[in-house]
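Asker:
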Amino acid sequence: MANENKRDYYEVLGLEKNASESDIKRAYRKLAAQYHPDVNHEADAEAKFKEINEANEVLSDPDKRSRYDQFGFAGVDPNFGAGAGGAGNPFGGGFGDFGFGDIFSTIFGGGPSASSRRNPNAPTRGEDVSARVEVSFEEAAFGTQKEISYSRIESCDQCHGSGAEPGTQVQTCPTCGGRGTVRIQQNFMGMMMQSDAACDQCRGTGKLIRNPCSRCKGKGKLRRNTRNTVKFPAGIDDGQTLRVREGGSAGSNGGPSGDLMVTVRVRPHPVFTRQGQSIYCEMPISFTQAALGAELEVPTLEGKVRYTISEGTQTGTTFRLKGKGIPYVGSKNRGDEFVTVVVETPTKLSREQKELLRKLEEDSATTQPKRKKFLDRFK
Ligand SMILES: [Zn+2]
Ligand SMILES: [Zn+2]
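Numbering (my numbering), first residue to last: 13 to 391.
And the structure:
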């Protein structure tokens, strides 16, 4: 090789010797995109592209870069001159030939070339399908079953997924031998560069269907509406997603179906709110009930229960009903219910009722010590 005419790697990428790693990356991406032979059809584009890649391969590798900085080309290329070690290459490395696919994925981060080169006959898992379902507060608490309608890709029942009209055959593509890809070789500066491209004849499928199935038009698959009865465990919460194994779209070449992912929306309850496995409710009580104590009928998810509040219960007092909350999923244990009593101040009082309350107010120093204490602080 005409090594002696090689341009300095920094010069190739238009960089200074002290360029940072990100400078190198940026310069490389810009130039590689500019001179990629798929894009640039000028006569010297391929040679430039190769030169850019070679420079990048060395400068983007800290180890190779420091050898290059110290020894020049001889530090990174065993074939270069006699400089640093003659026949026994002390540094290893050098450049193999590289395919376009590899370079492309370095520049663009994977992308279509990676998937198009996959074996088209390999078993592939089907896509997951998402669905939503709305359940009541109680259904979420105690579990339920719902029939869910959704659409997914299914194997065609006329051709059983082959894509060929019944009674006809699917042929293996003679051009690519069923691989779906063909190897392209190109000559750059005396080096053979190889790359894989999708086969034109079978469009990358590896198969030829002369008589496509009339139902699926040769695809072997159809989008269909389906129904699935899904069991929701007791305790499931708003926003949670249930996975139904293989309830999704059909796979290819014997691969498994994807899953059905059902996201639950829990309708709000008129009385209760929920946080985790706890439920909360605010219960209005009368001034008299609060003052004298009372036996309350408290709502729970399973009907009313009796609960006695003591004399002199303050507004905002919260009491706990153990085990009256939401079950933990997959467990017999349950959260608790928290009831906060709120005193409803009486309105629309009659004259007599007002009289009674005024009497009560005369003794307020003893009946309402908290208020007295508060006022005393201001004296
Ligand atoms: Zn079909
Ligand atoms: Zn083919």
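A virtual CB, placed ideally from N, CA and C, is assigned to each residue, including glycine. Source: prediction; values computed, not measured.
#1: Touch check for the segment 158-178 and the segment 235-252: three-plus C-beta pairs under 8 Å?
#2: Determine the DSSP secondary structure at F390, reduced to helix, strand or coil.
#3: Would you mind giving the Cβ-Cβ distance between T136 and G263, rounded to the nearest angstrom? I have them listed as a contact below 8 Å.
#4: Are C185 and C225 closer than 7 Å when you measure CB to CB?
#5: Determine the closest residue to V147 out of Y80, K382, Q157 and A303, with distance taken between C-alpha atoms.
#6: Of the choices P132, F390 and F149, whose alpha-carbon is the least far from that of C188?
#7: Is it the case that the CB of R227 approaches a heavy atom of ligand 1 more closely than 6 Å?
#8: Quick check on the burial criterion: 16 or more other C-beta atoms within 10 angstroms. Buried or exposed for E151?
#9: Secondary structure at N254, three-state DSSP: helix, strand or coil?
#10: Residues in the same chain with beta-carbon distance under 6 Å from A399, minus the five sequence neighbours each way, listed in chain order, please.
#11: How long is the line joining the alpha carbons of G88 and N17, rounded to whole angstroms?
#12: With distances taken between CB atoms, is the gap from D271 to D140 smaller than 7 Å?
#13: Can you tell me which of the three DSSP states K336 falls into?
#14: Is Q183 near ligand 2, going by C-beta to nearest heavy atom under 6 Å?
#15: Out of P311, Y80 and E367, point me to the one whose CA is closest to T352's CA.
#16: Can the beta-carbon of F299 be found closer than 7 Å to that of P381?
#17: Please classify N345 as buried or exposed, where buried requires at least 16 neighbouring CB atoms within 10 angstroms.
#18: Have a look at A210, R222 and K231 and flag the residue whose alpha-carbon is nearest the alpha-carbon of C168.
#19: Could you name the residues of the same chain whose beta carbon sits closer than 8 Å to that of K37, not counting the 5 residues immediately before and after it, in chain order?
#20: Compare the C-beta of L313 against all C-beta atoms of chain D and say whether one is closer than 7 Å.
#21: Indicate, with yes or no, if ligand 1 has a heavy atom lying under 6 Å from the CB of Q170.
#22: For S269 and G179, what's the separation of their Cα atoms in angstroms?
#23: Report all residues from its chain with a CB closer than 7 Å to the CB of K243; omit the five preceding and five following residues, and keep chain order.
#24: Measuring from the CB of T136, is there a heavy atom of ligand 2 at a distance below 6 Å?
#25: When DSSP labels each residue in this structure, what does A262 get in the three-state scheme?
#26: Return helix, strand or coil for P245, following the three-state DSSP convention.
#27: Restricting to Cα atoms, I'd like to know which of F386, T275 and Q289 is closest to S343.
Answerer: So, from the listed chains and residues:
#1: yes
#2: Counting from one through the sequence shown, the residue named residue 390 turns up at place 378. In the structure shown, F390 sits in coil (DSSP, three-state: anything other than H, G, I, E or B).
#3: Within the sequence shown, the letter at position 124 stands for residue 136. Within the sequence shown, the letter at position 251 stands for residue 263. Right, their Cβ atoms sit about 6 Å apart.
#4: Locating residue 185 in the sequence shown gives position 173, where the first residue counts as 1. Locating residue 225 in the sequence shown gives position 213, where the first residue counts as 1. Cβ distance not < 7 Å, so C185 and C225 don't count as in contact.
#5: Counting from one through the sequence shown, the residue named residue 147 turns up at place 135. Closest option to V147, Cα to Cα, is Q157.
#6: Locating residue 188 in the sequence shown gives position 176, counting from the first residue. If we check each option's Cα against that of C188, P132 comes out closest.
#7: Mapped onto the sequence shown, residue 227 falls at position 215. Result yes, Cβ under 6 Å from ligand 1.
#8: Here residue 151 refers to the residue found at position 139 of the sequence shown. Buried is the call here.
#9: As a working note, residue 254 is residue 242 in the sequence shown. It should be noted that the sequence gives Leu, not Asn, for residue 254. The answer is strand: DSSP assigns L254 an E or B state.
#10: Absent from the model: residue 399. The displayed extent of the chain is 13 to 391, so no value can be given.
#11: Indexing the sequence shown from 1 puts residue 88 at position 76. Indexing the sequence shown from 1 puts residue 17 at position 5. Checking the displayed sequence, the identity of residue 88 turns out to be Val instead of Gly. One C-alpha to the other measures close to 16 Å.
#12: Here residue 271 refers to the residue found at position 259 when the sequence shown is read from its first residue. Here residue 140 refers to the residue found at position 128 when the sequence shown is read from its first residue. Closer than 7 Å, so yes.
#13: Mapped onto the sequence shown, residue 336 falls at position 324. Correct three-state label for K336: coil.
#14: Taking the sequence shown and counting its residues from 1, the one referred to as residue 183 is at position 171. No; taking the cut-off as 6 Å, the Cβ of Q183 has no heavy atom of ligand 2 nearer than that.
#15: The residue labelled residue 352 in the question sits at position 340 within the sequence shown. If we check each option's Cα against that of T352, P311 comes out closest.
#16: For this step, residue 299 is matched to residue 287 along the sequence shown. For this step, residue 381 is matched to residue 369 along the sequence shown. It is not a contact, given that the beta carbons lie outside the stated cut-off.
#17: For this step, residue 345 is matched to residue 333 along the sequence shown. Exposed: under 16 other Cβ atoms inside 10 Å.
#18: Translated into the one-based positions of the sequence shown, residue 168 becomes position 156. For C168, the nearest C-alpha among the options comes from K231.
#19: Position 25 of the sequence shown, counted from the start, is the residue given in the question as residue 37. The residues are S72.
#20: The structure shown has no chain D; it contains just one protein chain.
#21: For this step, residue 170 is matched to residue 158 along the sequence shown. Yes, since a heavy atom of ligand 1 falls inside the 6 Å radius drawn around the Cβ of Q170.
#22: Residue mapping note: residue 269 aligns to position 257 of the sequence shown, counting from 1. Residue mapping note: residue 179 aligns to position 167 of the sequence shown, counting from 1. Their Cα atoms are separated by approximately 26 Å.
#23: Here the question's residue 243 lines up with position 231 in the sequence shown. Within the same chain, K243 has close Cβ partners Q157.
#24: Reading the sequence shown from its first residue, position 124 is the one you call residue 136. Checking every heavy atom of ligand 2 against the Cβ of T136, none is found closer than 6 Å.
#25: Counted from its first residue, the sequence shown places residue 262 at position 250. Looking at A262 - three-state DSSP - the assignment turns out to be coil, as it is neither helix nor strand.
#26: Numbered from its first residue, the sequence shown carries residue 245 at position 233. It is coil, neither helix nor strand.
#27: As a position in the sequence shown, residue 343 is number 331, starting the count at 1. It is Q289 whose Cα lies nearest to the Cα of S343.
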